[in-house]
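Report on one structure; see the data block that follows.
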Amino acid sequence: MRNEYLTTAEVAALLHVRPDTVRKWRQQVGKGPRWTRWPGSRIVRYERAEVERWRRDGVSEG
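Numbering (the UniProt record's numbering), first residue to last: 1 to 62.
Below is the structure:
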């Protein structure tokens, strides 16, 4: 099964917050779902399964 990756805007929509909120979480250690940056770029993505786990568990990991 392939991992599905989401943009910041897609994560914000899933979590019912503004994209700026998701961006702020990235800047704070221990906030928001785990994210990854594509090697050699500024592109940030979130694994859908990780976002769903974070939302379900109420985890506060970065």
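For each residue, glycine too, the CB sits at the ideal point set by N, CA and C.
Quantities reported herein were computed from a predicted structural model and do not represent experimental measurements.
Option nearest residue i by Cα separation, candidates the options
i, options, result
"Pro33", "Ser41, Glu47, Ile43", "Glu47"
"Arg53", "Gln27, Trp35, Gly40", "Trp35"
Any non-hydrogen atom of the ligand ADP within 7 Å of residue i CB
i, result
"Tyr5", "The ligand ADP is absent from the structure shown, which contains no ligands of any kind."
Cβ separation of residue i and residue j, assumed to be a contact under 8 Å, to the nearest whole Å
i, j, result
"Arg45", "Leu14", "Not really, about 13 Å apart at Cβ, beyond 8 Å."
"Val51", "Val11", "6 Å"
Own chain partners of residue i with C-beta closer than 7 Å, once the 5 adjacent residues on each side are dropped
i, result
"Thr8", "Pro19, Val22, Arg23, Val44"
Cβ neighbours of residue i in the same chain (closer than 8 Å, five flanking residues each side left out)
i, result
"Arg3", "One detail in the question is off: residue 3 reads as Asn in this sequence, not Arg. Within the same chain, Asn3 has close Cβ partners Glu47, Arg48, Ala49."
Enumerate, from N- to C-terminal direction, the unbroken alpha helix (DSSP H) stretches of 4 or more residues contained entirely within the UniProt domain "Helix-turn-helix" (5 to 56). 8 to 15, 19 to 27
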